[in-house]
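Okay, here's the thing in structure tokens:
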């Protein structure tokens with residue numbers, strides 16, 4: 001039982017898409033499956049299925065006298081505690097994440113965080129020094145987005161900025177473009193394979209970092 | 001009555017801030033006052049006061065078979081019809097607009113717009129070939145945002161991208177940084193003056209463009 005004190009490595013997958021049968025939902029499931037195959041834990045936060053409320057209330061704004069956490073935010077923060085990796089899965093709509101995801105960041109990840117903390121990089125969010133991954137999809141071709149200056153802007157917003165704001169340990173992004181209705185099964189399977197590989201690589205890296213091995217520590221069987 | 005067929009120039013101010021007494025609310029009012037002082041029309045869409053729902057539903061997604069407009073979106077589109085200028089007023093939270101504004105763009109401005117239309121620049125939004133203005137505030141200093149690559153990313157997202165996506169006639173942005181609680185009245189008044197000047201300059205430009213004069217056409221008095 002030498003490793004009994006080690007807690008398992010835990011991922012939270014935050015999905016923001018209105019269609020439970022969407023390609024984004026398939027991506028989230030593929031990520032979850034790959035994490036479990038690597039022997040790590042994963043929880044799925046399907047924001048639409050949860051009917052999460054993305055609208056930040058006035059009393060939730062960080063002010064000098066402290067901030068009131070709403071019950072749904074408090075419950076979500078409890079859920080995220082001891083999470084090592086948070087992975088967002090969302091489509092790009094008009095250059096931005098869906099309001100659902102934006103509100104999750106404002107209300108949950110940013111709960112009570114002031115501008116000064118962000119500037120000082122002292123805003124340790126609910127994920128502590130965790131890892132951040134953003135998997136995004138778009139109906140537009142990646143090269144078209146690039147020509148619009150969008151991929152860089154998205155990298156800044158969906159990855160780097162949050163990474164800096166919450167002083168996380170690392171951030172990375174995987175973008176899948178050209179997602180159209182009636183995409184071929186080969187395109188879908190190829191894309192999901194990219195997601196599984198990315199999930200496996202994150203699992204290995206975090207395992208290495210926390211336990212010096214890409215595999216999770218084997219707990220005793222209690223005998 | 002030679003100008004009787006000319007409709008008045010109309011602005012819509014879309015405000016997204018949870019505090020009705022916020023600096024953002026003051027900015028929206030200052031903009032509205034300046035438009036009226038220029039003899040043009042303005043409507044204020046205070047998204048929090050309207051309890052606008054920013055969550056795009058699955059049945060609102062543009063698909064090949066057409067799209068269903070929700071009653072609140074349809075009402076908002078009716079309200080925006082014949083608007084020449086839309087001006088967004090919002091704070092930057094964690095590098096993005098509030099979910100409230102993001103959802104307004106997705107559900108109202110983007111209603112039924114497909115990715116292909118955006119790529120082809122054939123997505124003439126509800127504002128037709130109108131003008132777009134984004135007035136943003138941040139608690140962070142402008143130079144700090146610049147160092148984070150944020151101002152460029154924001155220009156892309158809050159201005160250029162929407163401008164391109166909806167094939168609008170022009171877009172411009174005004175950012176007011178260093179907005180902190182207890183800001184001096186001189187700072188506030190100076191900032192509101194910048195807003196009024198910007199509103200007046202937009203009014204003059206649109207008047208010039210539509211009527212060849214920065215002033216609105218004088219309608220007959222009916223006598």
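Protein chains in written order, with the UniProt record's numbering: chain A, 1 to 223; chain B, 1 to 223.
Where is the CB? At the ideal position from N, CA and C, for every residue including glycine.
DSSP bridge partner residues for residue i (one or two, in chain order)
i             : result
residue 88(B) : 14(B) and 134(B)
residue 96(B) : 93(B)
9 Å Cβ cutoff met for residue i and residue j
i              : j              : result
residue 99(A)  : residue 103(B) : yes
residue 101(A) : residue 71(A)  : no
residue 7(A)   : residue 82(A)  : yes
residue 137(A) : residue 21(A)  : no
residue 207(A) : residue 177(A) : no
residue 174(B) : residue 194(B) : yes
residue 17(A)  : residue 40(A)  : no
residue 86(A)  : residue 14(A)  : yes
residue 47(B)  : residue 29(B)  : no
residue 80(A)  : residue 108(A) : yes
residue 58(B)  : residue 19(A)  : yes
residue 110(A) : residue 52(B)  : no
residue 210(B) : residue 9(B)   : yes
residue 96(A)  : residue 62(B)  : no
Endpoints, the beta strand (DSSP E) within which residue i is located
i              : result
residue 46(B)  : 41-46
residue 9(A)   : Note, residue 9(A): premise wrong, no beta strand (DSSP E); not H, not E.
residue 273(B) : A query on residue 273(B) cannot be resolved here, the shown segment of chain B reaching from 1 to 223 and no further.
Assigned exposure category for residue i - 16 Cβ within 10 Å defines buried
i              : result
residue 182(B) : exposed
residue 91(B)  : buried
residue 68(A)  : exposed
residue 186(A) : exposed
residue 74(A)  : exposed
residue 221(A) : Only weak support is given to the placement of residue 221(A): the predicted model assigns it a pLDDT of 45, under 50, and the question is left unresolved by the model.
residue 213(A) : exposed
residue 37(A)  : exposed
residue 106(A) : buried
residue 5(B)   : Annotation note: pLDDT 48 at residue 5(B) (below 50); position unreliable, coordinate value reported separately. Residue 5(B) should be labelled exposed.
residue 76(A)  : buried
residue 171(A) : buried
residue 60(B)  : buried
residue 1(B)   : Any reading at residue 1(B) must be qualified, since the residue scores a pLDDT of 37, below 50, and its modelled position is unreliable; no value is offered.
residue 223(A) : With a pLDDT of only 45 at residue 223(A), under the threshold of 50, the placement of this residue in the model should not be trusted, and no figure is reported.
Residue i Cβ short of 8 Å to the ligand ADP heavy atom set
i              : result
residue 185(B) : The ligand ADP is absent from the structure shown, which contains no ligand whatsoever.
CB-CB length for residue i against residue j, believed under 8 Å
i              : j              : result
residue 34(B)  : residue 88(B)  : About 16 Å separates the two Cβ atoms, so there is no contact after all.
residue 301(A) : residue 202(A) : The displayed coordinates of chain A run from 1 to 223. Any statement about residue 301(A) would go beyond what the structure contains.
residue 31(A)  : residue 199(A) : 5 Å
Residue range of the unbroken alpha helix (DSSP H) whose run includes residue i
i              : result
residue 79(B)  : 71-80
residue 192(A) : 185-211
residue 27(B)  : 23-37
Residues that residue i contacts on chain D, provided the C-beta gap is smaller than 9 Å
i             : result
residue 46(B) : Annotation note: the requested chain D is absent from the structure, which comprises protein chains A and B.
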